[in-house]
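Keeping their order, the protein sequence lines are chains A and B. Position 108 (the first sequence) corresponds to 108 in the working numbering; numbering is contiguous. Position 105 (the second sequence) corresponds to 105 in the working numbering; numbering is contiguous. Just so it is clear, CB atoms sit at the ideal spot from N, CA and C, and this is done for glycine as well. If you're wondering where the values come from, they're calculated on a predicted model, not measured in any experiment.
Protein chains: 2
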Amino acid sequence: MKAATPAVKSGDAALAFRALADTSRVEILRILAGGERCVCELAATLGLSQPLLSHHLRTLREVGLVRVRKEGRWMHYALAREGVAECHGVLDAVLEHHDASTRLGRPGCC
Amino acid sequence: MKAATPAVKSGDAALAFRALADTSRVEILRILAGGERCVCELAATLGLSQPLLSHHLRTLREVGLVRVRKEGRWMHYALAREGVAECHGVLDAVLEHHDASTRLGRPGCC
DNA sequence: TTGACATATAAATGAATATTGATATAATAA
DNA sequence: TTATTATATCAATATTCATTTATATGTCAA
Numbered sequence: 001m002k003a004a005t006p007a008v009k010s011g012d013a014a015l016a017f018r019a020l021a022d023t024s025r026v027e028i029l030r031i032l033a034g035g036e037r038c039v040c041e042l043a044a045t046l047g048l049s050q051p052l053l054s055h056h057l058r059t060l061r062e063v064g065l066v067r068v069r070k071e072g073r074w075m076h077y078a079l080a081r082e083g084v085a086e087c088h089g090v091l092d093a094v095l096e097h098h099d100a101s102t103r104l105g106r107p108g109c110c
Numbered sequence: 001m002k003a004a005t006p007a008v009k010s011g012d013a014a015l016a017f018r019a020l021a022d023t024s025r026v027e028i029l030r031i032l033a034g035g036e037r038c039v040c041e042l043a044a045t046l047g048l049s050q051p052l053l054s055h056h057l058r059t060l061r062e063v064g065l066v067r068v069r070k071e072g073r074w075m076h077y078a079l080a081r082e083g084v085a086e087c088h089g090v091l092d093a094v095l096e097h098h099d100a101s102t103r104l105g106r107p108g109c110c
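Next up, the structure:
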């Protein structure tokens with residue numbers, strides 16, 4: 001079986017994974033999975049300094065893993081489903097391809 | 001709804017994502033998804049210098065995304081399904097939690 | 001044993017990143 | 001207007017990471 005040309009380029013995926021390569025940012029995604037939060041809520045929950053949190057949020061924003069909505073002086077951050085789904089999809093494809101080829105790899109099966 | 005305590009700690013996930021935060025390493029995983037490969041095959045496919053490739057493989061090994069099998073002077077690298085599945089699972093949980101809470105977020109629905 | 005080959009490790013360097021502290025902006029309240 | 005609050009950015013430093021070159025290890029063949 002030939003591997004199909006992947007929908008997401010490895011470079012793009014790596015970029016998104018780099019944004020996930022930090023404990024606080026994974027935490028942020030997990031919190032935002034529960035719904036939109038303003039920066040101050042995130043700061044309170046995570047116990048990060050405000051500039052540091054702001055920096056992490058920017059990193060996540062830049063690769064499209066979260067989105068912002070401004071409301072007065074509050075910034076409300078929310079999960080960007082598509083972005084997360086893209087990373088998820090890359091791993092999904094790897095697992096599926098792997099499962100498919102290991103099935104094939106066992107002679108006599110199927 | 002309350003978020004369940006995640007099965008994989010954010011720190012561990014971040015560590016694995018860090019290993020994925022490189023174009024070559026994502027490529028390696030994609031190749032290995034098709035089955036075991038020896039280092040020289042990977043080197044030929046990816047066009048990386050031998051020491052650089054070796055370094056990337058070590059990074060992937062250290063976080064449990066690939067495994068090695070020695071055979072004479074050849075090292076055969078293979079995908080470590082569990083490791084990949086763990087990363088996949090973290091994103092999966094985020095997406096599921098998100099979907100669940102956005103459904104709840106729409107009043108009148110369900 | 002010698003040599004060739006496959007792979008790993010070490011050291012060095014430059015680039016990218018995290019973190020902090022200080023400051024800026026922008027919106028609201030007094 | 002001035003003060004206050006929420007957030008972002010900037011500059012500086014420390015740390016981590018990718019890459020290269022050189023060298024080491026281990027295995028096989030002659």
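Problem - Straight-line Cα distance separating B:Arg73 from A:Val94 - result: Translated into positions along the first sequence, residue 94 of chain A becomes position 94. Translated into positions along the second sequence, residue 73 of chain B becomes position 73. Spanning the two alpha carbons is a distance of roughly 28 Å.
Practice task
Starting from the beta carbon of A:Pro51, find every residue of chain B whose beta carbon is closer than 8 Å, and list them in chain order.
Solution key: As a first step, residue 51 of chain A must be located in the first sequence, where it is residue number 51. Around A:Pro51, no beta-carbon contact reaches into chain B at under 8 Å, the shortest distance being about 20 Å.
Practice task
Return the residue from the list A:Gly64, A:Cys87 and A:Arg25 that minimises the CA-CA distance to A:Gly47.
Solution key: Within the first sequence, numbered from 1, the residue matching residue 47 of chain A stands at position 47. Looking from the CA of A:Gly47, the closest CA among A:Gly64, A:Cys87 and A:Arg25 belongs to A:Arg25.
Handout entry: beta strand (DSSP E) runs wholly inside the segment 17 to 93 of chain A, at least 3 long, in chain order
Key = DSSP runs (the beta strand (DSSP E)) wholly in the segment 17 to 93 of chain A: 66 to 71 and 74 to 79.
Practice task
Determine the direct distance from the alpha carbon of A:Glu71 to that of B:Thr59, and round the result to whole angstroms.
Solution key: Within the second sequence, residue 59 of chain B is the residue found at index 59, counting from 1. Within the first sequence, residue 71 of chain A is the residue found at index 71, counting from 1. Cα to Cα, B:Thr59 sits roughly 43 Å from A:Glu71.
Handout entry: Contact set between the segment 45 to 72 of chain A and chain B, restricted to residues whose Cβ is under 8 Å from the partner
Key = Near chain B, meaning a CB-to-CB distance below 8 Å, no residue of the segment 45 to 72 of chain A qualifies.
Practice task
Excluding the 5 residues preceding and the 5 following A:Cys110 in the sequence, name in chain order all residues of the same chain whose CB lies nearer than 7 Å to its CB.
Solution key: On the first sequence, residue 110 of chain A is found 110 positions in, with the first residue counted as 1. Any reading at A:Cys110 must be qualified, since the residue scores a pLDDT of 49, below 50, and its modelled position is unreliable; no value is offered.
Handout entry: Sufficient close CB pairs (3 or more, under 8 Å) joining the segment 39 to 46 of chain A to the segment 80 to 92 of chain A
Key = With fewer than three CB-CB distances shorter than 8 Å, the segment 39 to 46 of chain A does not count as touching the segment 80 to 92 of chain A.
Handout entry: Residue-chain proximity (B:Cys110, chain A), Cβ-Cβ < 8 Å
Key = Numbered from its first residue, the second sequence carries residue 110 of chain B at position 110. For B:Cys110, the predicted model reports a pLDDT of 48, less than 50, meaning its position is unreliable; a value from the coordinates is still stated below. Under the Cβ distance rule, B:Cys110 does not count among the residues neighbouring chain A, no pair being separated by less than 8 Å.
Practice task
Using a Cβ cut-off of 8 Å (strictly closer), state whether B:Ala43 contacts chain A.
Solution key: Position 43 of the second sequence, counting from 1, holds the residue named residue 43 of chain B. Chain A, which has no Cβ nearer than 8 Å to the Cβ of B:Ala43, makes this no.
Practice task
Report the option in A:Asp92, A:His97 and A:Thr23 whose CA atom is closest to the CA atom of A:Leu52.
Solution key: In the first sequence, residue 52 of chain A corresponds to position 52, counting from 1. The shortest Cα separation from A:Leu52 among A:Asp92, A:His97 and A:Thr23 belongs to A:Thr23.
Practice task
Give the residues of chain A in contact with B:His97, contact being defined as C-beta atoms less than 8 Å apart.
Solution key: Position 97 of the second sequence, counted from the first residue, corresponds to residue 97 of chain B. Against B:His97, the close residues of chain A are Arg30, Ala33 and Gly34, in the order they occur along the chain (beta-carbon pairs closer than 8 Å).
Problem - Other residues of its chain near A:Cys38: CB distance less than 7 Å, five sequence neighbours each side excluded - result: Against the first sequence, residue 38 of chain A aligns to sequence position 38. Trp74, Met75 and His76, listed in sequence order.
Problem - Exposed unless 16 or more other CB atoms sit within 10 angstroms - verdict on A:Arg30 - result: Within the first sequence, numbered from 1, the residue matching residue 30 of chain A stands at position 30. A:Arg30 is buried by the Cβ-count criterion.
Exercise for the section: Identify whether B:Ala13 lies in helix, strand or coil by the three-state DSSP scheme. Expected result: For the purposes of this step, residue 13 of chain B is taken as residue 13 along the second sequence, with counting starting at 1. The DSSP-derived three-state label of B:Ala13 is helix.
Handout entry: A:Thr147 (DSSP reduced to helix, strand or coil)
Key = The structure shown does not extend to residue 147 of chain A, since chain A spans only 1 to 110, so no value can be given for it.
Problem - Of the listed residues B:Ser49, B:Val68 and B:Asp99, nearest to A:Glu82 (C-alpha basis) - result: Position 82 of the first sequence, counting from 1, holds the residue named residue 82 of chain A. Checked all of B:Ser49, B:Val68 and B:Asp99; the closest Cα to A:Glu82 is B:Asp99.
Exercise for the section: Could you tell me the distance, in whole angstroms, from the CA atom of B:Arg61 to the CA atom of A:Val68? Expected result: Numbered from its first residue, the second sequence carries residue 61 of chain B at position 61. Numbered from its first residue, the first sequence carries residue 68 of chain A at position 68. Spanning the two alpha carbons is a distance of roughly 36 Å.
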